[in-house]
Amino acid sequence: MTESKNWRTPGLVIACAGLAMTIVLGIRHGFGLYLQPMTLDLGISRETFAFAIALQNLIYGFSQPLTGMIADKFGAARVMAGGTVLYAIGLVLISHSTSGMELNLSAGLIVGTAMGCCGFSTVYGVIGRTVAPEKRSTAMGIVGAAGSLGQFLMLPYGQVLINHLGWQQALLVLAVTVLVLLPLSAALVEDPAAREKTPSKQSIPAALREAFSHRGFILMCLSYTVCGFQLLFVSVHFPAYLIDQKMTPATGMIALALIGLFNTAGSYTWGWLGGRYTKKYLLATLYFTRAMVVMAFILAPLSPMSVYLFSAALGFLWLGTAPVTSALIAQIFGPRYLSTLSGCAFMFHQVGSFLGVWIGGRIFDTTGSYTLMWWIIIAAGVVAALLTLPVDERQIPRAAGSVA
906 MTESKNWRTP GLVIACAGLA MTIVLGIRHG FGLYLQPMTL DLGISRETFA
956 FAIALQNLIY GFSQPLTGMI ADKFGAARVM AGGTVLYAIG LVLISHSTSG
1006 MELNLSAGLI VGTAMGCCGF STVYGVIGRT VAPEKRSTAM GIVGAAGSLG
1056 QFLMLPYGQV LINHLGWQQA LLVLAVTVLV LLPLSAALVE DPAAREKTPS
1106 KQSIPAALRE AFSHRGFILM CLSYTVCGFQ LLFVSVHFPA YLIDQKMTPA
1156 TGMIALALIG LFNTAGSYTW GWLGGRYTKK YLLATLYFTR AMVVMAFILA
1206 PLSPMSVYLF SAALGFLWLG TAPVTSALIA QIFGPRYLST LSGCAFMFHQ
1256 VGSFLGVWIG GRIFDTTGSY TLMWWIIIAA GVVAALLTLP VDERQIPRAA
1306 GSVA
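Going by this note's numbering, the first residue of the sequence shown is number 906, and it counts up by one from there.
In structure tokens:
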């Protein structure tokens, strides 16, 4: 019986979790490709489409603490399997949507909940308990890099499907594609006894009270809000912004794919650095540099080359926050309830995502331009960098069998 469990080695868990994130994030970051064709075919405004995707990210975030608790209590594999089925159903329903209300239900509520089951918080909890503490940040960086590779691979895949089949049939093909997550979830099954084997017998409510009374955790959550605000604005609105600037849809697709490609290296690099240097300073550097990259882009003359350079630079900074933030949470609070606490932090991230997508659409419909939004993105990045500096990284001491 013991030997039957040994096939789930740390390396295999990381590989399967990474491939799962490749599919989950690859599809998620491709929704911006549907903005132009769906708004034109259905006769809806950009704000209507943007609100559905914004709602998706809000539901994604608010479901994370709950799915994290379920994953910590009953196992990540069950949560991911259930989320996979929901994801496929949601994509099918999006393809049949004809109004903003139907988009809110399919793309917003159903897909948002599905992503909450299949996201980083679910898999990071397993990795945090499977991998040795000194390798934890690097392992999370590898999974983040795999998710970024998905953005690079799945965006051209999605654009080809749209070009040859139309947006409706493309979504149906993606619904079949996402079912690959079902066999991958088997690698995330944990031994319940091993999952409970931690220095502290702390309960989930006690862990939540402890985290939300910790000043550093609140500051991390607030800075994570800015991260979501920036990233989802770019993911959803950047292709349309480039078309407004008289560039081709292919330019926007290549730009998002480049973000994914360079994020593959960036996520691993930031995760690797998180295992060697002070994590809060890495986060501050990441947020501030991201703001400076955006400023350089909007001040420089616009051309395909400037777009591609911007995408490469932003891509290197894209998801580096995820492994560093989750590893920092595990460093301070321990790995026992990492899915729960990472889910709470990610809830703030997705509140930012909701605001970034929706406000971006609102500003465009009001002013006819994204200029104001770009400057808000820059200012928010500077604020996020300053928020991370006072975080106390010291580990909270645990007495064996203690309850916080």
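Ideal placement from N, C-alpha and C gives every residue a C-beta, glycine not left out.
All of these numbers come straight from a predicted model, not from anything done at the bench.
Handout entry: Neighbour-count burial assignment, residue 1065, 16 or more Cβ in a 10 Å radius
Key = By the neighbour-count rule (16 or more Cβ atoms within 10 Å), residue 1065 is not buried but exposed.
**Prompt:** Got a sec? Which residues, its chain only, sit under 6 Å from residue 973 by beta carbon, not counting five neighbours each side?
**Reply:** 1026, 1244, 1245 and 1248
Notebook entry, point to check: To which residues of the same chain is residue 1054 closer than 7 Å at the C-beta, ignoring the five residues directly before and after it?
Noted result: Here residue 1054 has 927, 1165 and 1169 as same chain residues with Cβ atoms under 7 Å from its own Cβ, once five neighbours each way along the sequence are excluded.
ask   = If we count the other Cβ atoms within 10 Å of its Cβ and call it buried at 16 or more, is residue 1081 buried or exposed?
value = exposed
Query raised in the report: For residue 1223, which of helix, strand or coil comes out of DSSP?
Result: coil
| query | So is residue 1057 buried or exposed if we call it buried at 16+ other beta carbons inside 10 Å? | reply | buried
Considering only residues of the same chain and omitting the five flanking positions on each side of residue 1017, which have a CB-CB separation below 6 Å? 961, 964 and 965
Review point. With distances taken between CB atoms, is the gap from residue 1327 to residue 1157 smaller than 8 Å?
Key: Residue 1327 lies beyond the range of the chain shown here (906 to 1309); nothing can be said about it.
### Query
Is DSSP giving residue 1152 helix, strand or coil here?
coil
**Sequence ranges, alpha helix (DSSP H) only - wholly within the region 972 to 1052, length at least 4** = 981 to 1000, 1005 to 1008, 1016 to 1023 and 1025 to 1035
Alpha carbon to alpha carbon, how far is residue 1002 from residue 910? Give it in angstroms, no decimals. At residue 910 the pLDDT is 48, less than 50, meaning the model places this residue with poor confidence and gives no usable figure here.
*Are the region 993 to 1013 and the region 952 to 959 touching, with three or more C-beta to C-beta distances below 8 Å?*
yes
Closest to residue 1161 by C-alpha separation, out of 970, 934 and 1084, would be which residue? 934
Exposed or buried, which one is residue 977 when buried takes at least 16 other CB atoms within 10 Å? buried
TODO: Using the Cα positions of residue 1296 and residue 1121, report the straight-line distance between them to the nearest angstrom.
DONE: 4 Å
Quick one: measure Cβ to Cβ for residue 989 and residue 1137, integer angstroms, because I've assumed they're closer than 8 Å. With 8 Å as the limit, residue 989 and residue 1137 do not qualify as a contact, their Cβ atoms being about 22 Å apart.
For residue 1087 and residue 922, what's the separation of their Cα atoms in angstroms? 12 Å
Which of helix, strand or coil DSSP assigns to residue 909:
Any reading at residue 909 needs caution, since the residue's pLDDT is 45, under 50, leaving its predicted position unreliable; the model's value is listed next. Residue state, collapsed to three classes: helix.
Margin query: Measuring CB atoms only, is the region 1106 to 1113 touching the region 994 to 1009, in the sense that at least three cross pairs come out at less than 8 Å?
Written below: Too few Cβ pairs lie closer than 8 Å, so no.
Fill in: Euclidean distance between Cα positions of residue 1257 and residue 1128
10 Å
Unbroken alpha helix (DSSP H) run spanning residue 1081, endpoints
1072 to 1082
Check: Measuring CB to CB, does residue 1039 end up less than 8 Å from residue 1184?
Finding: No. Outside cutoff.
With a threshold of 8 Å between beta-carbons, can residue 983 be considered close to chain B, or not?
Among the chains of the structure shown, chain B does not appear; only one protein chain is present.
In chain order, which alpha helix (DSSP H) runs of at least 4 residues are fully inside the region 1198 to 1278?
1209 to 1222, 1226 to 1238 and 1243 to 1272
| message | Tell me whether the region 1226 to 1241 and the region 1030 to 1049 touch, counting them as touching only if at least three CB pairs, one residue from each stretch, are closer than 8 Å. | response | yes
Hey, residue 1131 and residue 1192: beta-carbon distance below 8 Å or not?
In this structure, residue 1192 lies closer than 8 Å to residue 1131 by Cβ.
Next item on the list: Return the chain-ordered list of same chain residues with a C-beta closer than 6 Å to the C-beta of residue 1289, the five sequence neighbours on each side being excluded.
Entry: 1128, 1131 and 1192
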